[in-house]
Amino acid sequence: MSASTGVRETQRRRTRRVLLDAALSVLEERSLGSLGLREVTRAAGVAPTAFYRHFRNMDELGTALVEEALTSLHVTVRDILAATGDPERRGEAAVHLVAELVRSRPAHVRFLVRERHGGVTAVREAIAGQLDVFAAEIEAVLGADPLSTGWSGQDVTMLSRLLVDHMFMTASAFLAASMRGDDWADATRTALGQLRLIHLGRVHWPG
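To convert, note that position 203 of the sequence shown is 197 in this note's numbering; the numbers rise steadily by one, no gaps.
What follows is the structure in structure tokens.
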């Protein structure tokens, strides 16, 4: 790579980062469906034409934000699942992972919570796709767990999705506590208590 090519690539990455950060900032109080391209470029301090060198439209920018927030977590989640066979310890590690995500990327979490059921189809589907992958990873572990012996595949799938939904709700609770300036201890205790109920239910469910 020549020096000039390296400089252009660095500038390209910088502009893309500025656009993503500007979108997150503007989206703090708004949904993606209500946001215009020119608002993002104005907040980023770049010309509207620069936007199209990185994204075809606002849907693609939103999808990039989803991937940025969640894709890198898959390795961490797999490590948590593989680290111990104790469901409670896995659950505690998962809650702490969610808490760290909210601490380190609150704008991303706020975006995910708002857009999971939002009006932009591509983004909604991107979030659902990422959560489906998490559910499949959990399902693979649960399916090999002795406590799941005799369960149908549908039962294991249902529980996996329940756990993913719980983690998403936990992220929402941590985000709300952060916005209120509350201590996260209560949200943590609630999340862990709910997981214990889920784990207790596993032993008896489907009955």
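Where is the CB? At the ideal position from N, CA and C, for every residue including glycine. These figures come from a predicted structure and were not determined experimentally.
In its own chain, which residues sit with a C-beta less than 7 Å from the C-beta of residue 104, not counting the 5 before and 5 after it?
-> Within the sequence shown, numbered from 1, the residue matching residue 104 stands at position 110. The residues are 22, 169.
What is the DSSP secondary structure of residue 55, counted as helix, strand or coil?
-> For this step, residue 55 is matched to residue 61 along the sequence shown. DSSP places residue 55 in helix when its eight states are reduced to three.
Buried or exposed: residue 56, going by 16 or more other Cβ atoms within 10 Å of its Cβ?
-> Reading the sequence shown from its first residue, position 62 is the one you call residue 56. By the neighbour-count rule (16 or more Cβ atoms within 10 Å), residue 56 is buried.
Residue burial classification, residue 98 (beta-carbon count within 10 angstroms, cutoff 16) | Within the sequence shown, numbered from 1, the residue matching residue 98 stands at position 104. Classification of residue 98: exposed, given that the 10 Å Cβ count is below 16.
Taking Cβ to Cβ, would you say residue 93 is nearer than 8 Å to residue 9?
-> To locate residue 93, count along the sequence shown from 1; it is residue 99. To locate residue 9, count along the sequence shown from 1; it is residue 15. Contact flag unset, no.
Evaluate residue 30 with the Cβ neighbour count: other Cβ atoms within 10 Å of its Cβ, from every protein chain shown; 16 or more gives buried, anything less gives exposed.
-> Within the sequence shown, residue 30 is the residue found at index 36, counting from 1. Exposed is the call here.
Give a yes or no on contact between the segment 149 to 161 and the segment 122 to 132, applying the rule of three or more CB pairs nearer than 8 Å.
-> Between the segment 149 to 161 and the segment 122 to 132 there are three or more inter-stretch CB-CB distances shorter than 8 Å, so the stretches are counted as touching.
Scan the segment 88 to 175 and note each continuous alpha helix (DSSP H) run of 4 residues or more that stays entirely inside, going in chain order.
-> 100 to 109, 115 to 138, 147 to 174
Just tell me which of 52, 185, 25 has its CA closest to the CA of residue 32.
-> In the sequence shown, counting from the first residue as 1, residue 32 sits at position 38. Taking each of 52, 185, 25 in turn and checking the Cα distance to residue 32, the smallest one comes out for 52.
Please list, in chain order, all residues of the same chain as residue 19 whose beta carbon is under 8 Å from its beta carbon, the five residues on each side excluded.
-> Working through the sequence shown from its first residue, we reach residue 19 at position 25. Result list for residue 19: 37, 101, in chain order.
Please report how far the alpha carbon of residue 5 lies from the alpha carbon of residue 80, in whole angstroms.
-> Taking the first residue of the sequence shown as 1, we reach residue 5 at position 11. Taking the first residue of the sequence shown as 1, we reach residue 80 at position 86. Their Cα atoms are separated by approximately 47 Å.
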